[in-house]
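Heads up: the sequence shown is residues 251 to 622, going by our numbering. First the structure, in the form of structure tokens, and then the observations on it.
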Amino acid sequence: MSHLAIYRKYRPATFEDLLGQETIVKILKEEAKRDRLSHAYILSGPRGTGKTTSARLLAKIANCEKREKDSAFKEKGEPCNACTVCLAIDEGKSLDVVEIDGASNRGVDEIRDLKESIRTAPMASRFKVYIIDEAHMLTKDAWNALLKTLEEPPSYIIIILATTEMEKVPATIASRAQKFYFKLVPREEIVKKLTKIAKEEKIKISDEALDLIADYAEGSFRDSESLLDQMISLGDKSIEVEEIEKAVGKIGFDKIDEFVAFLLKGDQAKALEFVSSIADGGFSLSQFLRDVIQHLRRILVLRTNPQMEAVFKKEMMAEHLGKILAQAKNFTPAHVGLIKTLITAYGEMRYSQFPRIPLEVAIVEGLEKTKA
Ligand SMILES: Nc1ncnc2c1ncn2[C@@H]1O[C@H](COP(=O)(O)OP(=O)(O)O)[C@@H](O)[C@H]1O
Ligand SMILES: [Mg+2]
Ligand SMILES: [Zn+2]
């Protein structure tokens, strides 16, 4: 069976399916409906949030045959995904859509040739679209070549730059382009999409496991989909949280919650025992401590401002939020010092040959202080 990576198979084919980027989607669809595309776009933001996907959607919008012929369809502001042009773009075979990887050496040569290639009109479509991915990697020469092109772009040219580092795009270029800032996506959007994929692929996976994947992905769709992919290849039994924990070295909510309960009760012995089991299980202790600090931070914030519950609802499962709220009852002002001690330990752990020791010392010291 040929296996198409999940993130390729489930790449959004329409703006409607591009999740968590509502403002961008709204503007781009409007431009599409009015046929008012720019000559240059810069799509910036964290990895796996939809930049390359949007660049390809724009290329399809620009050249889709159905849009050109059918004014009723044009009103949708979407590509048809069925005409020869749309299909060619999906397969990376359109002669009028050139994708350049700014990070590869070949990319640099391709940009150098850009000035030449831009002079020739599109072969088969209305627009010639250049998608330059990883644009932050471009050399000074490449930027200069691009600038020349953008100073007097032929009417049929669209250049789309995608980058994770907007600040590396020269101001001369940025000022000539329409700029879109992609956001990390809320956990709930990721869970929604993963749930849909799991259903379509007939993957059995528990809610807790999905939650941990979404958590691990930290706002990146691609990371979440790659991890799901990796888990599927383990076989066809149901995917449980323990398997994800082992695969990524990060433990799930319930265990963090259990540990935090020991801390808030001041149970040094149990807390140390727990650290020991985490270390023996091969999990990353600094990842563990990060999650513990995040957990305590949420408790602290909720204690101080109960209205923040609405914000946290987007970040975590309802069941988990319930547990955090329950823990919050055991939180006292003295625990603020504990959080500080743990943060200091986190800094120390990363440079220590024995990361376990700063953590253990912090637990003992931090808990002593809460008693004082
Ligand atoms: N906003 C989004 N909505 C839905 N899926 C997304 C979104 N962003 C990324 N993805 C998923 O992640 C994969 C990689 O996205 P891509 O657009 O290449 O990210 P990047 O921002 O790194 O260019 C896509 O194929 C898709 O499956
Ligand atoms: Mg990309
Ligand atoms: Zn089409």
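Beta carbons are placed, not taken as given, at the ideal position from N, Cα and C, and that holds for glycine.
- According to DSSP, ASP383 shares a beta bridge with ASP351.
- Per the Cβ contact rule, the stretch 413–421 is not in contact with the stretch 311–328 (fewer than 3 Cβ pairs under 8 Å).
- In this structure, LYS279 lies near GLY327, with their beta-carbon atoms less than 7 Å apart.
- Ligand 1 has no heavy atom closer than 6 Å to the beta-carbon of GLY342.
- Distance from the Cα of ALA282 is smallest, within the candidate group TYR596, THR445, GLU451, CYS314, for CYS314.
- In its chain, beyond the 5 residues on either side, GLY270, GLY469, LYS564, GLU565 have a beta carbon closer than 8 Å to the beta carbon of PRO436.
- Around the beta carbon of ILE607, a 10 Å sphere encloses fewer than 16 other beta carbons of the protein chains shown; the residue is thus reported as exposed.
- Per DSSP, THR582 lies in no alpha helix (DSSP H) and is assigned neither H nor E.
- Secondary structure remark: continuous beta strand (DSSP E) runs of at least 3 residues inside the stretch 264–334, in chain order: 290–294.
- Of the heavy atoms belonging to ligand 2, none sits nearer than 6 Å to the Cβ of ASP351.
- The three-state reading of DSSP puts GLN603 in coil, since its state is none of H, G, I, E or B.
- Non-local C-beta neighbours of PHE524 in its own chain, meaning closer than 6 Å and more than five positions away in sequence, comprise PHE509, ordered along the chain.
- In this structure, the alpha-carbon of ALA353 lies about 10 Å from that of THR389.
- Taken atom to atom, the span from the alpha-carbon of ARG376 to that of THR303 is near 20 Å.
- Around ligand 2, the residues whose beta-carbon falls short of 6 Å from at least one of its heavy atoms are LYS301, THR302, ASP383, ALA412, given in chain order.
- Proximity to LEU337 across ILE311, GLU360, PRO556, ASP359 peaks at ILE311, based on C-alpha coordinates.
- Straight through space, the alpha carbons of GLN544 and ILE409 are spaced by roughly 41 Å.
- In the structure shown, the three-state DSSP call for THR591 is helix.
- Scanning its chain for C-beta atoms nearer than 8 Å, with the 5 sequence neighbours on each side dropped, one finds around LEU539 the residues LEU592, ALA595, TYR596, MET599, LEU609, in chain order.
- Residue pairing from DSSP places TYR431 in a beta bridge opposite SER294.
- Collapsing the DSSP output to three states places THR370 in coil.
- Between ALA395 and ARG362, the C-beta spacing is below 7 Å.
- Under the three-state reduction of DSSP, ILE409 is assigned to strand.
- For GLN537, the enclosing alpha helix (DSSP H) stretches over residues 535–554.
- Ranked by Cα distance from LEU308, the options ASP461, ILE339, GLU438 are led by ILE339.
- Looking at the DSSP output, ILE455 shares a beta bridge with ILE489.
- Not one heavy atom of ligand 1 lies closer than 6 Å to the C-beta of GLY469.
- Of the other Cβ atoms in all chains shown, 16 or more fall within 10 Å of the Cβ of PHE503; this residue is therefore buried.
- Placement of the Cβ of LYS500 at a distance of 6 Å or more from every heavy atom of ligand 3 is found.
- Listed in chain order, the non-local C-beta contacts of GLU349 below 6 Å within the same chain comprise ILE381, local neighbours out to five positions each way being set aside.
- Judged by DSSP secondary structure, THR445 falls within the alpha helix (DSSP H) whose first and last residues are 437–450.
- Placement of the Cβ of LYS316 at a distance of less than 6 Å from at least one heavy atom of ligand 3 is found.
- The straight-line gap separating the alpha-carbon atoms of THR554 and ALA448 is approximately 38 Å.
- Contact annotation: SER474 and ILE440 have beta-carbon atoms nearer than 7 Å.
- DSSP places LYS573 in the helix class (H, G or I) of the three-state scheme.
- Residue range 390–401 is occupied by the alpha helix (DSSP H) that includes LEU397.
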